[in-house]
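K.L.:
So the sequence shown is numbered by the working numbering: it starts at -4 and just counts up by one. All C-beta atoms in this analysis are idealised placements derived from N, C-alpha and C, irrespective of residue type, glycine included.
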Amino acid sequence: MKTYKIACIPGDGIGKEVVPAGEAVLRALAAKSGKFNFEFESFGWGGDWYRAHGEMMPKNGNDLIKDKDAILFGSAGDPHIPDHITLWGLRLKICQGFDQYANVRPTRILPGIDAPLKRCTPADLDWVIVRENSEGEYAGVGGRVHQGHAIEVATDVSMMTRVGVERVIRYAFELARSRPRKQLTVVTKSNAQRHAMVMWDEIAVEVSKDFPDVKWDKELVDAMTARMVNKPRTIDTVVATNLHADVLSDLAAALAGSLGIAPTANIDPSRRFPSMFEPIHGSAFDIMGKGLANPIGTFWSCVMMLEHLGEPEAAKKLMAVIESVTADTSLHTGDLGGKATMDQVTQAVIARL
Ligand code: IPM
Ligand code: MG
């Protein structure tokens, strides 16, 4: 029997609630399958670790988890620690340290979910956004001098490399090819940003030659927001820069009904390092500790983990159960307008497995 070693990093806020819920569901799934099981190891990194040790994770943290098969991550963010410290000290250290350059964010309107686009049926909105996850606006290049003085200068330099852009565009073309509609939209802002974004456009044309069976088009990021709202059915797979896709994926999640549902996979396609799976929602301190978090984003992230681990049957089964649970509005958490607790949703998923 195959045993998958999973590093669990609950992080902060409701991450500490939804990650154990994800573990419980994966355990139930494994017990039912009889073909594989999981060995979870939990790491208490995040805001509390920072208060105790002055850093979000140990310096050798990535070494401690590099031999795992996958990482299940909750969220990083703490009201008493600046956001750039929580982000750069943990999540980005793992994503960039493990070269998880493709951040994959699917969006669908699941059964029973009331989405804000009234003219759109679930069949009209089935997207997957591929976010460049290793460089660009999140390269961390820049600086600040003369702080507090009138002559203060601050820069954030977006770094785009040919290798970095080519590999994520190629990943997106491959993903588009694997989906029924075989369609990709390459998003840039190459009218205003005339160097790196023009390079993106050029590289897209080059890579597209290897994918004659994929229909593709280009869109400027501002126009893309309008297209997502007005013509959702014209979109299937999308590839965009780190920052553009960050913004587009929140819009996508909101259009599908709730940020509480949306999953993410941070993938190292070379498989040299473990990939990391996480719900898209943040640490949500306003509801932490109350048992009100929506665990569906974590469960859907577990589906993506199972697909990555090579367990497509188990992934399909869990997704079908998730959809049967969202279809039952008595099992909706507060973010969906319901009254269910996280525990009730988790127990329902386990029972239906
Ligand atoms: C996301 C989040 C993060 C990001 C935040 C928490 C820094 O918004 O995963 O989309 O910008 O990458
Ligand atoms: Mg975001």
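Where do the N-terminal and C-terminal ends of the alpha helix (DSSP H) with Pro15 fall, by residue?
P.N.:
As a position in the sequence shown, residue 15 is number 20, starting the count at 1. Looking at the DSSP string, the run of the alpha helix (DSSP H) that includes Pro15 is Gly10 to Ser28.
K.L.:
Is Ala71 close to the ligand IPM? I mean its beta-carbon at under 8 Å from any heavy atom of the ligand.
P.N.:
Numbered from its first residue, the sequence shown carries residue 71 at position 76. True, at least one ligand heavy atom lies under 8 Å from that Cβ.
K.L.:
Any heavy atom of the ligand MG closer than 8 Å to the Cβ of Ile146?
P.N.:
Here residue 146 refers to the residue found at position 151 of the sequence shown. Checking the Cβ of Ile146 against the ligand MG gives no.
K.L.:
Check Met192 in the structure and name its three-state DSSP category.
P.N.:
The residue you call residue 192 lines up with position 197 of the sequence shown. Met192: helix per DSSP, three-state reduction.
K.L.:
Could you give the DSSP three-state label for Leu348: helix, strand or coil?
P.N.:
Taking the first residue of the sequence shown as 1, we reach residue 348 at position 353. Residue state, collapsed to three classes: coil.
K.L.:
Compare the Cα-Cα distances from Val216 to each of Gly69, Val233, His239 and Phe206 and report the closest residue.
P.N.:
By one-based count along the sequence shown, residue 216 stands at place 221. The shortest Cα separation from Val216 among Gly69, Val233, His239 and Phe206 belongs to His239.
K.L.:
If you follow the beta strand (DSSP E) that Ala279 is in, where does it begin and where does it stop?
P.N.:
Within the sequence shown, the letter at position 284 stands for residue 279. Ala279 -> no beta strand (DSSP E), and no H or E assigned at all.
K.L.:
CB-CB under 6 Å to Ser203, same chain, minus the five flanking residues each way: which ones, in chain order?
P.N.:
Translated into the one-based positions of the sequence shown, residue 203 becomes position 208. Closer than 6 Å at Cβ, skipping near neighbours: Trp211.
K.L.:
To the nearest angstrom, how far is the alpha carbon of Asp109 from that of Ala47?
P.N.:
For the purposes of this step, residue 109 is identified with residue 114 of the sequence shown, where counting begins at 1. For the purposes of this step, residue 47 is identified with residue 52 of the sequence shown, where counting begins at 1. If I take the Cα positions, the gap works out to 42 Å.
K.L.:
In whole angstroms, give me the CA-to-CA distance for Val14 and Leu67.
P.N.:
Walking along the sequence shown from the start, residue 14 turns up at place 19. Walking along the sequence shown from the start, residue 67 turns up at place 72. One C-alpha to the other measures close to 7 Å.
K.L.:
Short of 6 Å in beta carbon distance, which residues of its chain neighbour Arg73, apart from the five on each side in sequence? Order them along the chain.
P.N.:
Your numbering for residue 73 matches position 78 in the sequence shown. Checking the displayed sequence, the identity of residue 73 turns out to be Asp instead of Arg. Hits under 6 Å: Asp7, Gly42 and Thr81.
K.L.:
Quickly, what does DSSP pair Cys3 with across the bridge? List them, please.
P.N.:
Position 8 of the sequence shown, counted from the start, is the residue given in the question as residue 3. DSSP lists Ser37 and Leu67 as partners of Cys3.
K.L.:
Hey, quick one: how far does the alpha helix (DSSP H) through Leu301 stretch, first residue to last?
P.N.:
In the sequence shown, counting from the first residue as 1, residue 301 sits at position 306. Ile291 to Leu304 is the extent of the alpha helix (DSSP H) around Leu301.
K.L.:
Following a CB-centred definition, is Asp245 positioned closer than 8 Å to any heavy atom of the ligand MG?
P.N.:
The residue labelled residue 245 in the question sits at position 250 within the sequence shown. Yes, the Cβ of Asp245 comes within 8 Å of a heavy atom of the ligand MG.
K.L.:
Should Asp241 be listed as close to the ligand MG, given that the test is whether its C-beta is under 8 Å from any heavy atom?
P.N.:
Taking the sequence shown and counting its residues from 1, one reaches residue 241 at position 246. Asp241: yes, Cβ under 8 Å from the ligand MG.
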